[in-house]
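Protein chains in written order, with this note's numbering: chain A, 1 to 207; chain B, 1001 to 1392.
Ideal Cβ placement from N, Cα and C applies to all residues, glycine included.
All values derive from a computational prediction rather than experimental measurement.
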Ligand SMILES: [Zn+2]
């Protein structure tokens, strides 16, 4: 910590300020404000926060099928017998699953990559869940005939989509991409329901 | 076209400037350090969405705002009237994070920009070229004797104002290049597979073809227009030739405007992979382009005198003005940043003549006598002092 105020504080406070500061989007000032808020708050509130933090690490697992974060393995969606098992929608992040589920326009299964190919961030194909996707589709019991690659419509999302489609084409699986209704550079997570629903409905085959 | 209204808030030395401008010649008198250059660069920024010189965006925000505002921001607004009607442009440059009290730093803060066209939030590429300007600066001699980057910058600033697609391609090419070079580095370190280059090679070729074609077209016409200007300006009557020097293998340097350039570039990026991987960098492509400038067949950067180089730079700018008008049917706004005082009477007369051929021109000078009032009939004059522009 560079902040002189924090280093002068008692060690437990400094530790908490530093922990908050490590979170994305939290600057030193905000970290300090949060830490002092917790300090002033009733003990129950602090315990609730601590419990929630621990629970998310202890009770959340990755679903071995779709790689999504879940409370059980397989996850609720993978277990749901009412879902269409012939279509898999590949997304970058767990939040994208939430966004697509909210549209109620998709009844298939998901696969979460946990990232996109981006050499400048030192992320190659082996660093995201592409091998897991391939293994899943090569499984003799698979019913999947179509994979919708719903990575974001930016450079890295497109690079990832193309990489995946190259891998899947030899397997005889139809690979599609969301229709271009999403503005270029947009984030799936922030797309509104109608736009995302239409993008799914009018998806196009990857050349 | 003309700039009919300009408002600057917390922009460098301008805390609050709000002015209407008529068509015609505007002369701004100000001592060195009065902010004359800041004024013209602010207008140029509204035109090109990029800084006229290298530097961090945070430098655009005035020191007062940085010292006193919790969220310091610079605001630039303009109304443009031209053949396409009336348009308003806004650029906001804001610091990215609240500055912590007590951490005063001499470094300008990191900043981000927001753009509006007619009040609607837009991308930079939608704003660029709504106001077209040609900025003449004493630094222009760097176009002749400076590094190739200065000449690529000239190409980018000039073409961006004329072709919105060029701006998109330029941004995309830049991003693709960063990714491709990072991947080359990974491959050099024997991580990953060369097949991962397929996507980046194709994207570099698609965006790169837009850049190469536009540059080839522009320079082939600018060669004629700048040579014409140069003939008027030079005393010795040397012949100026300018030519595109694309950073491409010899067999690709011809026929740049013929169809299929993108697939030829894709094949090139593919063919140069082994060498690119060994060097961990993309060795060919528009990011390494240059312009050759020859006076009677000799490279002007190394053989011409200082005076000849200045004349050449001036000819390039005048050629740019002619080209901008020719392409759009609407003359750009001229920004002459203290360039008249260094010219002799004859060259000054030639530039002043060009100033009267466009709808609007802004001239800065520290010197009451250069240009003399009688050289600029009908000009509106202003004094710039303490961030205030006063008609006089
Ligand atoms: Zn699952």
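Check                                                                                                                               : Outcome
Residue 1095/B burial status per 10 Å Cβ neighbour count (16 or more: buried)                                                       : buried
Cross-strand partners of residue 89/A (DSSP beta bridge)                                                                            : 110/A, 148/A
Listed by chain order, chain B residues near residue 118/A by CB distance under 9 Å                                                 : 1179, 1182
Inter-stretch contact at 8 Å, needing at least 3 Cβ pairs: the segment 1367-1376 of chain B / the segment 1331-1344 of chain B      : yes
Within the segment 1024-1109 of chain B, ranges of the beta strand (DSSP E) (whole runs, at least 3 residues)                       : 1024-1029, 1073-1082, 1085-1095
Residue 100/A beta carbon less than 8 Å from that of residue 89/A                                                                   : yes
Cβ-Cβ distance between residue 1038/B and residue 1013/B below 8 Å                                                                  : yes
Test item: CB-CB of residue 1008/B and residue 1052/B under 8 Å                                                                     : no
Contacts that residue 1196/B makes with chain A (C-beta to C-beta distance below 9 Å)                                               : 117, 119, 124, 125, 159, 163
Identified DSSP bridge partners for residue 1005/B                                                                                  : 1020/B, 1079/B
CB contact flag (residue 1318/B, residue 1354/B, <8 Å)                                                                              : yes
Beta-ladder partner(s) of residue 1293/B, from DSSP                                                                                 : 1242/B
Start-end ranges of the alpha helix (DSSP H) lying completely within the segment 1310-1377 of chain B, minimum 4 residues           : 1345-1355
Member of 1286/B, 1309/B, 1047/B whose CA lies at the smallest distance from the CA of residue 1234/B                               : 1309/B
Cβ-heavy atom distance, residue 65/A to ligand 1, below 7 Å                                                                         : yes
Within chain B, the residues that residue 155/A reaches when beta carbons sit closer than 8 Å                                       : 1172, 1175, 1176, 1179, 1203
Residue 1240/B at chain C interface by Cβ criterion, 8 Å                                                                            : Within the model displayed, chain C is absent; protein chains A and B are what it includes.
Residue 1062/B versus residue 166/A - alpha carbon distance                                                                         : 52 Å
Validate contact between the segment 1182-1196 of chain B and the segment 1219-1231 of chain B using beta carbons, cut 8 Å, 3 pairs : no
Start-to-end residues for the beta strand (DSSP E) that takes in residue 1143/B                                                     : Unbroken run through residue 1143/B is the alpha helix (DSSP H), 1142-1145; no beta strand (DSSP E).
The beta strand (DSSP E) enclosing residue 1111/B, as first and last residue numbers                                                : 1111-1117
Contact with chain A by residue 1186/B, beta-carbon distance below 8 Å                                                              : yes
Separation of residue 1162/B from residue 1017/B, as counted between CA atoms                                                       : 29 Å
Whole-Å CB distance - residue 168/A paired with residue 137/A, under 8 Å assumed                                                    : 7 Å
Chain A contact residues for residue 1393/B, given Cβ-Cβ distances below 8 Å                                                        : Residue 1393/B cannot be examined here, being either before or after the span of chain B that is shown, 1001 to 1392.
Boundaries of the alpha helix (DSSP H) in which residue 1120/B is found, first to last residue                                      : Looking at the DSSP string, residue 1120/B is not in any alpha helix (DSSP H); the run it does join, the beta strand (DSSP E), is 1120-1122.
Closer than 8 Å at the beta carbon, the chain A residues around residue 1199/B                                                      : 158, 159, 162, 163
Cutoff 8 Å: residue 1114/B Cβ touching any chain A Cβ                                                                               : no
Residue 1166/B vs residue 1240/B beta-carbon contact at 8 Å                                                                         : no
Short Cβ contact (8 Å threshold) for residue 1366/B with residue 1032/B                                                             : yes
Proximal chain A residues relative to residue 1393/B, where beta-carbon distance stays under 8 Å                                    : Any question about residue 1393/B goes unanswered here, given that chain B covers just 1001 to 1392.
8 Å contact criterion, which residue 31/A and residue 21/A should meet: CB distance rounded                                         : 4 Å
Candidates 1389/B, 1359/B, 1364/B, of which the one nearest residue 1082/B by Cα                                                    : 1359/B
Local Cβ density within 10 Å of residue 1391/B, reported as buried at 16 or more and exposed below that                             : exposed
Within 8 Å, strictly: CB atoms of residue 1153/B and residue 1001/B                                                                 : no
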